[in-house]
Each structure stands twice: as C-alpha cells, then as structure tokens.
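For reference, the structure is listed below as structure tokens.
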Amino acid sequence: MKIVIVGPGAMGCLIAAFLSKSKEEVWLLDKNKENAAKINELGISVEGVSGSWQAKPKTTANVEDIAKADLILICVKSFHTKQALEQIKPLLQQNTKIMTLQNGIGNIEIISELTGEERVIGGITNEGATLIETGKIRHAGRGETLIGTIDGKVPVEIRSIREIFNKVGLQTKLSRDIKGLIWSKLIINAGINALTAITRLSNGRLTEFEGTKRILREAVTEATRIAKRKRIKLIYDDPLAKVEAVCEGTSGNISSMLQDVLKNKRTEIDFINGVIVRLGQELGIAVPTNKLLVDLIKTIESSYKQRLDA
Ligand code: PAF
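And the structure:
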C-alpha cells in the first residue's frame, strides 16, 4: 500500500514515523520545500513515551514525486484541509482512501464534498505529540486510535489499514459510528483546548483551580447539550468525568491550541468551540461559556504582536 501523510506537524510526523516501521511505501508531503528537504535528509526524531528513535519516510513538497496513493492521511490544521485536498488531487486513483484524525468538526464534510463520501475514513486518535522543531517531535502520550467509514460499513481496505497501524504499534480499532467518535473528542477539546491556551496551563492543571474547573464544566455541559439535541451517541456516559480524566491522563501535555498560541499561530477554535457557538445559535441553545472562549481566543489570535509578554 502506498501511504501519504500530508502535513509534517506533530501528529503528521508521529504517524509518518510509526508507519515507516511497516513494509508499506510511506511518504510525507509538506508544502514547504525547505522543510521537506530537511526531513528527507535528516528524517524524523521522536523522543518521549515510545523512547528515543528515528524514522526516515520519503519526504517531498512535490506530488509528482509520489505519483499515486492508496491511502492519504490529512494531518494539517483544520483550516488548511481544503488547501491540502487541492494539493493531493493528482494522487487520487479510483480507490484512494482519504483519512482524517484531525481535531474538531468539519473536516469529514470538507473532504466528502471534494472527493465523495465513499473515499473518507474518519476517526480520532488519543496519541499525543508536540512539535519541537521541523522533523523533531515529543511523543507526549499514548492512546487508542479509532477509525471508521461514514456509512458505518467495514470494507476490506479499512481492515487492512487497521492491521498496518496495529502492527507498527499504533493501537487501532474500528468503529461503526464515527460521528459519535468525533463528537466525543470534540467535547474533550471544547473543554480543554481554549482554556489551556488562554491560561497557558498544561492540561492537568485545569482541574487544580476553582475558576478553570468551573469554566471547563460549563463549556463541557453546553457542548453536551448540543450533542444531545443532535442525537449524537457519545462513546462515554459522563462527559465531565471523561474530560477531567483526560486532563489527568494527559496532565503534562501542552494542548495543541496552547502550542499554537505559544507560537503566535492561528488556532482551530472555529472547528472546536466555534462549532458549538454556531450550532447553539442554530438550535436556540444558550452557550455563553463557549462564546466567551471563542471571543478570547480570537482576541489572542488578532493581538499576537501587541501582547505585553510577546
Ligand atoms: O488537542 C489536543 O491537545 C488533544 O486533543 C488533547 C486531547 C486535548 C490532549 O492534549
């Protein structure tokens, strides 16, 4: 199988490094020529919970080097998904599958619109990673990856993908309800990401303070109300207990949104708390805490150059 990972961020590098242990042909596609050349020459260095190790996936900024793909994993930030799909168009064959494990709601819809629902494999991963510099990552935490198709069917290709992932050490299971999966992860991200990015605290510290505990609880309760109204079946029974358990389980993690804010980068707020705000308006459900989190993150994003600690 020819596998292409698009986007050499923390998660893209982690997955590319693991998949390089397989017998498959693995490519990493970057849009930045210099970074691609650097990773192609030096490889990916991983340190953290899986030890200190190196991988050397073929890396390029030029899709023509790759020619065709059987599986393409989109690992860019959600606001770059459309652009990534434009870049990979020449790689598509009749049976090429496109997989997204990105945070937030909207990626499956963007991919389906451009390539058709039958190509899409969606899911979530609970692996944690931090990008240290180009091609260097910290594997911050281990966790399961869950994947499935939009119609809930389990075609043979997705079984092979699960097998490849499991063989290289990415513990992976199949799901028949990826909407439920993605919403279950969304609620976790809605509780943790913006709040850590605003307070600059690691995940675990959110449950140490009365204020952050209360805001987290309110953000999660609002998001859960929306999920309920939309008849989404979550993969856990008690959302607040789950989000608090994730804070604990990933206590030392710098959330992906805090990583973005610390680098003065655009965040995925529109695909996380922003979705709750938009649906709250549509469904007539009050979501003031999520609105406040969105407003604060947008303020931070538009004032990077003016911040006193910058
Ligand atoms: O976005 C992230 O950082 C992660 O999805 C999570 C679960 C919040 C852990 O850091």
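So for the sequence shown, the working numbering puts the first residue at 3; every next one is plus one. Glycine included, every Cβ here is placed at the ideal spot set by N, Cα and C.
Asked, Found
"Taking the C-alpha atoms as reference points, what is the distance between V51 and A12?", "14 angstroms"
"Within the continuous beta strand (DSSP E) that includes M3, where are the two ends?", "Premise fails: M3 is in no beta strand (DSSP E) and is neither H nor E."
"Note down, in chain order, each residue of its chain lying with its Cβ closer than 8 angstroms to the Cβ of K300, except the 5 sequence neighbours on either side.", "I271"
"In chain order, what residues of the same chain lie with their CB nearer than 7 angstroms to the CB of K181, ignoring the 5 residues before and after it?", "I234"
"Give me, in chain order, the residues of the same chain whose beta-carbon lies closer than 7 angstroms to that of R317; leave out the 5 immediate sequence neighbours on both sides.", "Nothing about residue 317 can be read from this structure; the chain reaches only from 3 to 312."
"Kindly confirm or deny that the stretch 21-40 and the stretch 61-70 touch, where touching means at least three C-beta pairs closer than 8 angstroms.", "yes"
"Can you list, in chain order, the residues of its chain whose CB lies under 7 angstroms from that of Q95, leaving out five sequence neighbours each side?", "K70"
"Name the residue from D32, M3, N34 whose alpha carbon lies nearest to the alpha carbon of S24.", "M3"
"Please classify G276: does DSSP put it in a helix, a strand, or coil?", "helix"
"Taking the straight line between their C-alpha atoms, what separation do you get for R164 and R309?", "45 angstroms"
"Residue ranges of each beta strand (DSSP E) run of no fewer than 3 residues wholly in the stretch 68-101, ordered along the chain?", "73-76"
"Among K84, G125, I7, whose alpha-carbon lies nearest the alpha-carbon of L176?", "G125"
"Taking the beta strand (DSSP E) that G125 falls in, what are its first and last residues?", "122-127"
"Is the beta carbon of G251 less than 9 angstroms from the beta carbon of G143?", "yes"
"If you follow the alpha helix (DSSP H) that G213 is in, where does it begin and where does it stop?", "212-231"
"For the beta strand (DSSP E) holding K138, just list the boundary residues, first then last.", "138-143"
"Assuming I194 contacts V122 under a Cβ cut-off of 8 angstroms, what Cβ separation, rounded to an integer in Å, is found between them?", "Going by Cβ atoms, the distance from I194 to V122 rounds to 26 angstroms, so no, they are not a contact pair."
"Going along the chain, which residues of its own chain have a beta-carbon closer than 6 angstroms to the beta-carbon of I7, five neighbours each way excluded?", "G14, I17, A18, L30, L75, C77"
"Assign G150 to one of three DSSP states: helix, strand, or coil.", "strand"
"S186 by DSSP, collapsed to three states: which one?", "helix"
"I want to check one thing, is the minimum distance from the CB of M259 to the heavy atoms of ligand 1 below 8 angstroms?", "yes"
"Output the distance between the C-alpha atoms of I256 and L203, rounded to the nearest integer angstrom.", "8 angstroms"
"Relative to the C-alpha of E27, which candidate in R280, I46, D72 has its C-alpha closest?", "D72"
"Going by beta carbon distance, what residues of the same chain come within less than 8 angstroms of E246, once the five residues before and after it are set aside?", "T209, L218"
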